[in-house]
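Here you go:
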């Protein structure tokens, strides 16, 4: 008998039952020949089928079979856990969603097409487009997505420390994934660069914490705004050629003065001088630290030994 | 297509069955197209597999009823499979986050099909979970992004003022835009630059002005795999850099063609150099934590001292 046929019958039996069925019950519920008559090879095949259904994402639940002593594992799939619960998407909506998923591809190797479960998309509805972005989404990212959505507490190693985190937000920005949440160890808000999470990520059961009204968000501010150096307001003269991207980067409120030659003066809070110096050096001779004197001489002192 | 495993076919059939049940005799061709099935495989699965599927005791009233005509198919009595399997939280979020980030680029208004689809999708997600994942592709002026996107669609050249980071100069250029994409938090437009007479990549936030012209260009074949990254295969001149342990970020930040650990936490890394100004910046930022050990002509430590002198001149030093 074909494996596909056995699996379909197994899923139908698991969905149709109102009480958990033991392995032997299920063997009896499937057409003769679905499984081997040999108990040991039946057990092995059944265990593999079960693992494969789980790997597909089927919500297979395991409970004790009522009235068994010692208790036997019983299996079923609750239709409420299995069945999609979405308002139907019109062909135009589905096509727009599909197009968006092709423009911004969030996947490494798709194992199957989730759009099938939404009804499939006719190729004639979906123009061939080049992607505008490939966003890496590996198993760790998918796990963290489920964890934030289903409110599972995650455990992982970060900078060699073990962390227990209530994940609030998962954000891809500046080419990287960041996780923000409540770190239970120090009992405070934290954010983590996902590519620096070492080793496996363990998840608790769902609904393990309450999502706060005001969740911890990922914040990617320039590095020099955070530090221990005491905050100074730097005045930076920027050459005209750099103004468009610097304005985008620092925000338009950073400009305090436009000069006649097209250059402009920016004011920026600096709490980490090394990071600020590194930033200013990317301008080469297209920017000058005007003040305060402390920052200006820091900058000169850095450069003097390098000439 | 025939290389699909039983599991892949199972997952697809579980999606196809409820769809066919809903459609009342859809064309086989449409299933082939929608679900990326080969026709032969689909017919085989319908006639030789699904026909025998049902629940105990597998009497005719307990079996799925499949009727295949020449070009259509009907499925009835598949009660257990009346709804498709729900997408996992991660799958929903992937689709949702991709859609949201596209709304950000296109500024699709809330009446558009994409926004409507996202609203429906959010209604099927665990309450509040649609807000948990976000994809921020890049910053940049929406006005310039709009001009670039429409010029690509219209196949019209664009006239831009561009600041070249590598050359550290700004100037006007005429560009045939071929592709618009995001990478590491920035938007880029790749295309043929008339000034350079070759393919170039422009970072959108370094474009200070962008106008669509009336000049039409012929689109080259879209090459999705075209690699716009800095090549590490020796096509560019390379320097060998010695880094102190606190300068390890260089290895994470830039493409390189090899790293070796040295004693005392030091590293040696081979870096391709796309422009002398790029290397100047890197050496100035590294200061005492990085030095060039081997270099082709013109890319040695003298670059750093010349650049330092140019900058110090601004400060009257």
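Protein chains in written order, with our numbering: chain A, 1 to 307; chain B, 308 to 624. Cβ coordinates follow ideal geometry from the N, Cα and C atoms, glycine included. Note that the coordinates shown come from a computational prediction; the quantities given were computed from them, not determined experimentally.
{"Asked": "Contact check, residue 381 of chain B vs residue 447 of chain B, beta carbons under 7 Å", "Found": "no"}
{"Asked": "Cβ-Cβ distance between residue 332 of chain B and residue 85 of chain A below 7 Å", "Found": "no"}
{"Asked": "Inter-stretch contact (C-beta, 8 Å, three-pair minimum) for the stretch 574 to 589 of chain B and the stretch 537 to 555 of chain B", "Found": "yes"}
{"Asked": "Minimum Cβ-Cβ distance from residue 342 of chain B to chain A less than 7 Å", "Found": "yes"}
{"Asked": "Endpoints, alpha helix (DSSP H) assigned at residue 24 of chain A", "Found": "23 to 29"}
{"Asked": "Distance between residue 187 of chain A and residue 464 of chain B (C-alpha atoms, nearest Å)", "Found": "55 Å"}
{"Asked": "Close Cβ partners of residue 630 of chain B (< 8 Å) along its chain, the five nearest in sequence each way excluded", "Found": "Coverage of chain B is limited to positions 308 through 624, which leaves residue 630 of chain B absent and any answer about it impossible."}
{"Asked": "Cα-Cα separation between residue 99 of chain A and residue 427 of chain B, rounded to whole angstroms", "Found": "16 Å"}
{"Asked": "Given 8 Å, three or more beta-carbon pairs between the stretch 282 to 301 of chain A and the stretch 595 to 612 of chain B", "Found": "no"}
{"Asked": "Rounded separation between residue 103 of chain A and residue 491 of chain B - CA only", "Found": "16 Å"}
{"Asked": "7 Å Cβ cutoff, residue 509 of chain B in contact with chain A", "Found": "no"}
{"Asked": "Contact list for residue 449 of chain B against chain A, beta-carbon separation under 8 Å", "Found": "In chain order: nothing, as chain A lies at least about 11 Å away."}
{"Asked": "Any chain A beta carbon closer than 7 Å to residue 387 of chain B", "Found": "yes"}
{"Asked": "Contact with chain B by residue 254 of chain A, beta-carbon distance below 7 Å", "Found": "no"}
{"Asked": "Contiguous beta strand (DSSP E) assignments of at least 3 residues, all confined to the stretch 223 to 269 of chain A", "Found": "232 to 238 and 255 to 258"}
{"Asked": "Coil, strand or helix - residue 213 of chain A by DSSP", "Found": "coil"}
{"Asked": "Interface partners of residue 245 of chain A on chain B, CB under 8 Å", "Found": "470, 510, 512 and 513"}
{"Asked": "Cα-Cα separation between residue 616 of chain B and residue 296 of chain A, rounded to whole angstroms", "Found": "16 Å"}
{"Asked": "Reference residue 318 of chain B; option with closest CA among A/45, A/113 and A/39", "Found": "A/113"}
{"Asked": "Per-residue contacts from residue 423 of chain B into chain A (C-beta, under 7 Å)", "Found": "93"}
{"Asked": "Sub-7 Å separation of residue 323 of chain A and residue 181 of chain A beta-carbons", "Found": "There is no way to answer for residue 323 of chain A, as the model of chain A reaches only from 1 to 307."}
{"Asked": "Length of the line joining the Cα atoms of residue 658 of chain B and residue 410 of chain B", "Found": "Chain B is shown from 308 up to 624; residue 658 of chain B falls before or after that span and cannot be answered."}
{"Asked": "Between the CA atoms of residue 185 of chain A and residue 329 of chain B - distance to the nearest angstrom", "Found": "51 Å"}
{"Asked": "9 Å Cβ cut-off: residues of chain B touching residue 160 of chain A", "Found": "Within 9 Å Cβ-Cβ: nothing; residue 160 of chain A doesn't reach chain B, min ~15 Å."}
{"Asked": "Residue 611 of chain B, buried or exposed, once every other Cβ within 10 Å from all chains shown has been counted against 16", "Found": "buried"}
{"Asked": "Chain A contact for residue 491 of chain B (CB, 7 Å cutoff)", "Found": "yes"}
{"Asked": "Within-7 Å CB hit, residue 327 of chain B to chain A", "Found": "no"}
{"Asked": "Residue 242 of chain A versus residue 513 of chain B - alpha carbon distance", "Found": "8 Å"}
{"Asked": "Residue 64 of chain A versus residue 226 of chain A - alpha carbon distance", "Found": "54 Å"}
{"Asked": "Secondary structure, beta strand (DSSP E): runs of 3+ residues fully inside the stretch 56 to 135 of chain A", "Found": "60 to 64, 73 to 77, 104 to 106 and 133 to 135"}
{"Asked": "Paired residues, beta bridge with residue 198 of chain A - DSSP", "Found": "A/157"}
{"Asked": "Residue 523 of chain B in three-state terms, based on DSSP", "Found": "strand"}
{"Asked": "6 Å CB neighbourhood of residue 73 of chain A in its chain, flanking five on each side removed", "Found": "62"}
{"Asked": "Among B/379, B/516, B/369 and B/354, the one whose alpha carbon lies nearest that of residue 387 of chain B", "Found": "B/369"}
{"Asked": "Same chain, Cβ closer than 7 Å to residue 15 of chain A, neighbours up to 5 away in sequence not counted", "Found": "77, 79 and 82"}
{"Asked": "Residue 89 of chain A: contacting residues in chain B (beta-carbon distance under 7 Å)", "Found": "424 and 427"}
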